[in-house]
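Asks: Numbering (my numbering), first residue to last: 8 to 71. Yeah, the Cβ is synthetic: ideal placement off N, Cα and C, and Gly gets one too. Because the structure is a prediction, the values reported are computed rather than measured.
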């Protein structure tokens with residue numbers, strides 16, 4: 008039996024290592040953050056923060 012721990016990827020929004028999620032512009036977004044982002048209203052206090060983090064992905068990609 009294989010006792011290796013299955014590694015996840017680090018989410019760009021919550022900065023936690025997770026196994027399930029999606030890739031956006033070569034960055035990983037965990038399943039939980041993806042769900043939260045889809046339901047988040049622009050008036051929510053964390054909306055601007057999350058959008059700012061996602062915009063950084065676009066900027067980083069353009070510079071590379």
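1) Using C-beta distances below 6 Å, list every residue in its chain close to residue 54, excluding the 5 sequence neighbours before and after it, in chain order.
2) Output the distance between the C-alpha atoms of residue 63 and residue 21, rounded to the nearest integer angstrom.
3) Going by alpha carbons, who is nearest to residue 25 out of 42, 31 and 37?
4) Which of helix, strand or coil does DSSP assign to residue 50?
5) If you reduce the DSSP assignment to three classes, tell me which class residue 39 lands in.
Replies: A quick look at the data gives this:
1) The beta carbon of residue 54 sits closer than 6 Å to those of 47, all from its chain and outside the five residues before and after it, given in chain order.
2) If you take the alpha carbons of residue 63 and residue 21, they lie about 14 Å apart.
3) Among 42, 31 and 37, the Cα nearest to that of residue 25 belongs to 37.
4) When secondary structure is reduced to three states using DSSP, residue 50 falls in the coil class, being assigned neither helix nor strand.
5) Correct three-state label for residue 39: helix.
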